[in-house]
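**Student:** The sequence shown maps to residues 1 to 429 in UniProt numbering.
Supplied in structure tokens, the structure appears directly below.
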Amino acid sequence: MESNSIGLKKSVLLNLYIYLIHFGLFLSNEGAISQQVRRLIMEAPCPNGYFECNSTKMCVERSINCDGVADCEDGSDEWHCDDMKHKKVVIKIVSVSCTADEWKKQYYDSIFKKRPDEDREKKTNRCEMFAELNMVPDKCRCASKSIFCENIGLLSIPKILPHDVIEIDLSANNLRTLKKDDFALLGKLQVLILTGSKISEIFDMSFVNVPILQSLYLSSNLLTTIQNATFDGLYLLDLLDLQDNKINAIDVHTFQELTELKSLYFSEFRHCLRALHVRLCEPKGDGISSIAHLLDNIILRVSVWLIALVACCGNLSVLLGRLLIREPNIVHSLFIKNLAVSDLKTRIASTDFLMGIYLIIIALADSKYREVYIKHEFEWRHSWHCSFAGFLSTLSCEASVLIVTIITLDRYFSIVHPLMVRKRYAFER
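Have a look at this one:
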């Protein structure tokens, strides 16, 4: 009987090992295929979520833009990334219909870019460069056509500002809200910094008076919702920073009119679903999931499948073995069964098996939403499958703690009062 049991176990382990080898090869081939899916050749404009290469008719998925690898033939998917992610730009020069001067300008501009805070080092209390000198608020400093009023205790946007100002920094103040007339007569404004200003509400059409605004920084505020008309009128906006806000909801059409928007920053990658036309939306993931995949890393995918299969098959084999093979040590057998399988008719006794089921659900969902996860992220998180998987995970963890506690108490009483335990089980037999 014992030799047959050992032979059966060896056979099961050998078959499982062979299956895992084939499964690993399948994932490797799938990864190679998916990399090709990320590049599309098409005559028409690229669909939402894809970036159009500069000199070819190739569309590259947004999630592999600015990743340090040139996927376009001319490397244009890695241009101007230092400003957005501070990565080393990789550009592969090929023969295209651009002059040498244009190529040189694009190449060196993408590598040696002016630091965003360079003008701050030149700021001074003197603001003679503005014709309306008396319109500069007290305690503010100037540099060129820029005004810096950070952390001076402002409670609202100053009503009187020079009409020809290009950049305004109002960060670290107590502005609270933004209204439509806050930026009246600032038609030349290109950069607006409102970082850390405790802004909790932005009224519709608040930026309609700054039509050529190119960079808007709203990070580290108290925003919770973004309405459809919040950014109306910003047709030339190139960069929008909304990081470190507790944003719960963004209306579907909020970013549709921002056709020139190329860089968008959130604290959670799920919000990128509202701006699929934007070339670079950050973050691209949270370490586990990404815009493209539920399980972003190939090692993580393989590990989830491996652990899930081992947990389910291993614990199921333990159960069958304990049920079919008589165990002379009743006490020992009882606790092995409790750890190995869940008896749904009478009690919850398996923790590892439930965790294996949970991992299988996650792995199957990852396979289903591969390459298009961001489009189904809300659907998945609010589905009964996800809720059930979360229930299994919580139940498994809590049951593990309970069972380990029971085993610990049992071992304690077995050591301290050994005769009492033996008498109890002898009586039950």
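Where is the CB? At the ideal position from N, CA and C, for every residue including glycine.
1) Under a three-way DSSP split, which group does Phe51 fall into?
2) Report all residues from its chain with a CB closer than 6 Å to the CB of residue 431; omit the five preceding and five following residues, and keep chain order.
3) By the DSSP assignment, the alpha helix (DSSP H) with Arg411 in it spans what residues?
4) Would you tell me roughly how many angstroms separate the C-alpha atoms of Ser146 and Pro137, rounded to the nearest one?
5) Could you give the residue range of the beta strand (DSSP E) that holds Ala143?
6) Distance check for Ile299 and Tyr373, CA to CA, integer angstroms please.
7) The alpha helix (DSSP H) with Ser367 in it runs from where to where?
8) Suppose only complete runs of 3+ residues qualify. What are the beta strand (DSSP E) ranges in the stretch 180-243, listed by chain order?
9) Using C-beta distances below 8 Å, list every residue in its chain close to Leu222, excluding the 5 sequence neighbours before and after it, in chain order.
10) From the DSSP secondary-structure annotation, give me the bridge partner or partners of Cys66.
11) State the Cα-Cα distance for the pair Asp181 and Asp238, rounded to the nearest angstrom.
12) Could you tell me the distance, in whole angstroms, from the CA atom of Glu379 to the CA atom of Gly153?
13) Could you check whether Leu276 and Ser263 sit closer than 7 Å to each other, using their CB atoms as the reference points?
14) Can you give me the Cβ contacts of Ser396 inside the same chain, cut-off strictly under 6 Å, excluding the 5 residues immediately before and after it?
15) I'd like to know whether the C-beta atoms of Ile307 and Leu359 end up nearer to each other than 7 Å.
16) Please state if the CB of Ile202 and the CB of Thr230 are separated by a distance shorter than 7 Å.
17) I need the straight-line Cα distance from Val12 to Val302, nearest angstrom please.
18) What is the DSSP secondary structure of Leu323, counted as helix, strand or coil?
**Tutor:** Straight from the coordinates:
1) strand
2) Outside the displayed span of the chain (1 to 429) sits residue 431, for which this structure offers no information.
3) Trp384 to Val416
4) 13 Å
5) Arg141 to Ala143
6) 18 Å
7) Asp352 to Lys368
8) 191-193, 215-217 and 239-241
9) Lys198, Ile199, Ser200, Asn245 and Lys246
10) According to DSSP, Cys66 bridges with nothing at all.
11) Each residue's Cα considered, the two are about 22 Å apart.
12) Cα to Cα, Glu379 sits roughly 44 Å from Gly153.
13) no
14) Thr351, Leu354 and Met355
15) yes
16) Ile202 is positioned such that its CB atom lies closer than 7 Å to that of Thr230.
17) Any reading at Val12 is ruled out, since the residue's pLDDT is 48, under 50, leaving its predicted position unreliable.
18) Helix at Leu323.
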